[in-house]
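Trainee: Same order as they appear, the protein sequences are chains X and Z.
Residue numbers for the first sequence follow this note's numbering, beginning at -2 and rising by one.
Residue numbers for the second sequence follow this note's numbering, beginning at -2 and rising by one.
We put the CB at the ideal spot given by N, CA and C, even for glycine.
Got a structure for you, written out below as structure tokens; questions coming shortly.
There are 2 protein chains.
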Amino acid sequence: MTTILSVDVHDVRFPTAAAGDGSDAINRGDYSATYVELRTDGPLVGAGFTFTNGRGNEITCAAVRALAPAVIGRSLEEIAAAPVEFWRSLTADPQLRWLGPEKGVIHMATGAVVNAVWDLRAKVAGVPLWRLLAEMPTDELVANIDFHHITDALTPDEASTILDKGRHGYAERLALLERDGFPSYTTSVGWLGYPDEKVRALTRAAYAEGWRAMKMKVGGDLDDDVRRARIIRSEIGPDALLMMDANQVWDVDEAIAAMARLAEVDPYWIEEPTHADDVLGHARIQRAVAPIRVATGEVAANRVIFKQLLQAEAIGVMQIDACRVGGVNEVLAELLLAAKFGVPVCPHAGGVGLCELVQHLAVLDYLRIGTSLDGRMVEYVDHLHEHFVDPVRTRDGRYLLPTAPGYSAAMKPSSVSAFSFPAGPVWR
Amino acid sequence: MTTILSVDVHDVRFPTAAAGDGSDAINRGDYSATYVELRTDGPLVGAGFTFTNGRGNEITCAAVRALAPAVIGRSLEEIAAAPVEFWRSLTADPQLRWLGPEKGVIHMATGAVVNAVWDLRAKVAGVPLWRLLAEMPTDELVANIDFHHITDALTPDEASTILDKGRHGYAERLALLERDGFPSYTTSVGWLGYPDEKVRALTRAAYAEGWRAMKMKVGGDLDDDVRRARIIRSEIGPDALLMMDANQVWDVDEAIAAMARLAEVDPYWIEEPTHADDVLGHARIQRAVAPIRVATGEVAANRVIFKQLLQAEAIGVMQIDACRVGGVNEVLAELLLAAKFGVPVCPHAGGVGLCELVQHLAVLDYLRIGTSLDGRMVEYVDHLHEHFVDPVRTRDGRYLLPTAPGYSAAMKPSSVSAFSFPAGPVWR
């Protein structure tokens, strides 16, 4: 038995805003984490977090504290025996639910707590999270999913069928990942805050490092977007993939018009062309810009939004986020929805620690759910990995399989204390 | 000039959970308010709040504190001169936006702050908020609306046309409201926490008081729902309206099946049949249950969700909420969207103070935007009005026009201190 005794919450912020890293059409922040540690009656600590953009990280910290009573005193075994009841004790609390429901601050805090529980479960099992999940019996995986409000798109039986099928060819897929790693793309080349010559230099360097898929930010002045896009395309040649990300800045008709111009550089996808809640808007844009794919998900609040994006044929790429939704349990539902509808998943990363988390989810998806690498890439951003105990490792533009037990969520204690807000030395 | 000098935030909670008031299929709470007072360099104080369900009210309070720097030091005149810039300083802050965007805790806090600004504006003008807005020049009203992400459904020109048209017949409509008040319905008869005989007695009493439209909660055991619905229908006769509210408990197919059974008592609408984010699900339910109307909105996060509910023909009744969305400015956009699509607005009330707020919005809608009473009713719940300085007044099941300057949002200082959490005497 492993019993959770306390929930420690840390407000950790990295001063990235000043450098222009992470600047886009909407966001310009200090990459931050609402960092949660579950202390137990044993030697292991469960680590989880949700990513925020700086100011306001104290609000998600407060939300974690509000959720903590649902975790303290519970054993991992009890949680594993009735996982949906546990998940609903966080997401369907009769008082806290009003603050979402299942969206925004309260749901992000749920994600941090739930992810910490999964980190602990994987550490207790002595395996990386991807392996714990990918090798779990079908019934047990299905029992971890709350199908409430998605049964019109995915039933437990359909989920079981997908997961059973995912056992075939497992060893071959695992061998391939062990040999080659998981495909990825880089977003480090084209932030809006960077001048043209920095974009060119970064693109050239990334290409030389082996990257064949790169993402740029768009949604500023359209002439600037076109000019920067041409620079990148000229550096990477016609065969490499160029993705674009508008971070929701456009209205629906504006997105369609902008992509008509940007089409000249052959974009592979347009990410977040409009407001994240606008399922119907994304569907209209997808019809208008095809064959360019519409991609979204980093700000999709929950499985109900993803369900609709798939039902409406609004997206060609689904970008799950590891900690905006309610943690691993909800991500499982989303991966299965994507598999059911035949849409490839390319997880959102960047920020702080998101690369560390989503590599596990992408690997799980390939090994057991989506079972294909066709159109699959994990985002990679080269920021802040040095603060993690088990940081991502890449080679030739691919993620190498994580091997340490857990969810790779643990931050170094020295980083937590140095960057704690407002008392850490960096902020004082 | 009136300059805002400080933002006082109070965590006010009323211990309603114990009595079963406000219990439904999903929520069971202590009605609470994140109560905001804007202190100025003059004698007037702007009051605003967002409603919460008890635990977690400290999180919305923290969010108000995070937003406060956008208000402190600004003058009302400056805000009125550039209202969308002001609104975006709250909703599109490059760091805080990530916590929503425009949904959940951070958006509810925005609503509290924005509503307090409008309360102050109306007090400075010396008129009730409904009059300030209903008699405002069209250009000025339009200038208060952020059309970002809704221009595919409503343009500023279309909004102007609706508002100009709303000037015709204004005096007659106002005279009618002054004489008769605004139609409403009561939700005080059929909470899930009440036993059958209490439901019967309350229904009988409400009918005797003049109510001809009543709402019951459904979504518990379906046989219980049918039995309670028959009790209410037998008490109110065939002509009075019986509305039902499932508070999102059903999945889509489950909602369709449940309403097929409940149709025997001739429900007028089914409110929140499924998850609040499920636009496509509501559309399927609406097609299946017609002529019963689908109603939703109290948990609709923002104008983008309302836009889609209207575009998808998913609702026959739109239930705006005064403080889940970003306050008066966003409600204006929603009222105009409803008018454009020809869907009647019946505001959500109940909770604490929501009746006080939404009466202004319903009156504004009738006087200047929707310009009809056909199918319009404001929810009425007989809870907690005694804590307000300018409480709602009703006669024969109708709201009387508020006359005091402001938005009727101010709570009595004695109530604020008695029910402050955790230090007030009620909670100690």
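Roughly how many whole angstroms lie between the Cα atoms of Glu132/Z and Leu35/Z?
Mentor: 25 Å
Trainee: Leaving out five residues on either side along the sequence, give the residues of the same chain with a beta carbon under 6 Å from the beta carbon of Ala330/X.
Mentor: Ile142, Arg300
Trainee: Answer with buried or exposed for Lys409/X, where buried requires no fewer than 16 other C-beta atoms within 10 angstroms of its C-beta.
Mentor: exposed
Trainee: Assuming Lys436/X is part of the beta strand (DSSP E), what are its boundary residues?
Mentor: Beyond the ends of chain X as shown, which are -2 and 425, falls residue 436/X; an answer cannot be given.
Trainee: In the DSSP assignment, the alpha helix (DSSP H) including Pro80/Z goes from what residue to what residue?
Mentor: Annotation: the continuous alpha helix (DSSP H) that includes Pro80/Z extends over 80 to 88.
Trainee: Anything in chain X within Cβ reach of Asn299/Z, meaning under 8 Å, just list it in chain order.
Mentor: Asp274
Trainee: Leu277/Z and Gln305/X: beta carbons closer than 8 Å?
Mentor: yes
Trainee: How would you call Leu2/X, buried or exposed, if buried means at least 16 neighbouring beta carbons within 10 angstroms?
Mentor: Its Cβ having fewer than 16 others within 10 Å, Leu2/X is exposed.
Trainee: Buried or exposed: which applies to Arg425/X, given that a residue is buried once 16 or more other Cβ atoms fall within 10 Å of its Cβ?
Mentor: exposed
Trainee: Given a cut-off of 8 Å on the beta-carbon distance, is the pair His427/X and Tyr32/X in contact?
Mentor: Residue 427/X is absent from the structure shown; chain X starts at -2 and stops at 425.
Trainee: Taking 7 Å as the limit between beta carbons, can you name the residues of its chain near Val413/Z, skipping five residues before and five after?
Mentor: His7, Val9, Tyr32
Trainee: Taking C-alpha atoms, which residue in Ala319/Z, Phe144/Z, Arg230/Z, Pro288/Z lies nearest to Lys212/Z?
Mentor: A check of alpha carbon separations from Lys212/Z across Ala319/Z, Phe144/Z, Arg230/Z, Pro288/Z identifies Arg230/Z as the nearest.
Trainee: If I'm right that His357/Z touches Trp127/Z with Cβ under 8 Å, what's the distance once you round it to whole angstroms?
Mentor: 4 Å
Trainee: Please decide whether Asn326/X counts as near chain Z, where near means a Cβ-Cβ distance under 8 Å.
Mentor: no
Trainee: From Ala376/X to Asp387/X, what distance separates their C-alpha atoms?
Mentor: Per the sequence presented here, residue 376/X reads as Glu, with Ala not at that position. One C-alpha to the other measures close to 18 Å.
Trainee: By Cβ distance, which residues of its chain are closer than 8 Å to Ile228/X, with the 5 residues on each side in sequence left out?
Mentor: Asp193, Val196, Arg197, Thr200
Trainee: With 16 other CB atoms within 10 Å as the buried threshold, where does His279/X fall?
Mentor: Label assigned to His279/X: buried.
Trainee: Here's the rule I'm using: 16 or more other beta-carbon atoms within 10 Å means buried, otherwise exposed. How should His165/Z be labelled?
Mentor: exposed
Trainee: Only counting the same chain, and skipping five residues up and downstream in sequence, which positions put a Cβ closer than 6 Å to that of Asp161/X?
Mentor: Sequence-distant Cβ neighbours of Asp161/X in its own chain, meaning closer than 6 Å and more than five residues away, are Thr135.
Trainee: Check whether the Cβ of His345/X lies closer than 8 Å to any Cβ atom in chain Z.
Mentor: no
Trainee: Please specify which runs of the alpha helix (DSSP H), each continuous and at least 4 residues long, are wholly inside the segment 198 to 257 of chain Z, giving them in chain order.
Mentor: 219 to 233
Trainee: Within the continuous alpha helix (DSSP H) that includes Tyr167/Z, where are the two ends?
Mentor: 167 to 177
Trainee: Which residues does DSSP pair with Arg395/X in a beta bridge?
Mentor: Pro180/X, Arg392/X
Trainee: So what does Val301/X bridge to, in DSSP terms?
Mentor: Answer is none; Val301/X lacks a bridge partner.
Trainee: Is the CB of Ile233/X under 8 Å away from at least one CB in chain Z?
Mentor: no
Trainee: Just tell me which of Asp222/Z, Phe418/Z, Leu171/Z has its CA closest to the CA of Tyr191/Z.
Mentor: Asp222/Z
Trainee: Under DSSP, the beta strand (DSSP E) around Gly324/Z begins and ends at which residues?
Mentor: Here Gly324/Z belongs to no beta strand (DSSP E); instead the alpha helix (DSSP H) covers 324 to 338.
Trainee: I want to see whether chain Z comes within less than 8 Å of Gln92/X, judged by CB atoms only; does it?
Mentor: Yes, Gln92/X counts as interfacial toward chain Z.
Trainee: In the segment 8 to 77 of chain X, which residue ranges form an unbroken alpha helix (DSSP H) of at least 4 residues, counting only runs that do not cross its ends?
Mentor: 54 to 64
Trainee: Whole-angstrom Cβ separation of Val68/Z and Val121/Z, contact assumed at under 8 Å?
Mentor: The Cβ separation is near 15 Å, so there is no contact.
Trainee: Going by DSSP in three states, Ile282/X sits in which element: helix, strand or coil?
Mentor: helix
Trainee: Only counting the same chain, and skipping five residues up and downstream in sequence, which positions put a Cβ closer than 6 Å to that of Ala359/X?
Mentor: Phe179, Pro344, Val375
Trainee: Would you check if the segment 69 to 78 of chain Z and the segment 95 to 115 of chain X touch, i.e. whether three or more CB-CB distances between them fall below 8 Å?
Mentor: Contact between the segment 95 to 115 of chain X and the segment 69 to 78 of chain Z is absent, because fewer than three Cβ pairs lie under 8 Å.
Trainee: Would you call the segment 96 to 111 of chain X and the segment 41 to 51 of chain X in contact, with 3 or more CB pairs under 8 Å?
Mentor: yes
Trainee: Kindly list the residues whose CB is nearer than 7 Å to the CB of Asn326/Z, restricted to its own chain and excluding five residues on each side of it in sequence; keep chain order.
Mentor: Correct list, in chain order: Pro80, Trp84, Val111, Asn141, Ile142, Asp143.
Trainee: Interface residues of chain X around Thr400/Z at Cβ under 7 Å?
Mentor: Within chain X, no residue comes near Thr400/Z; the closest Cβ sits about 32 Å away, beyond 7 Å.
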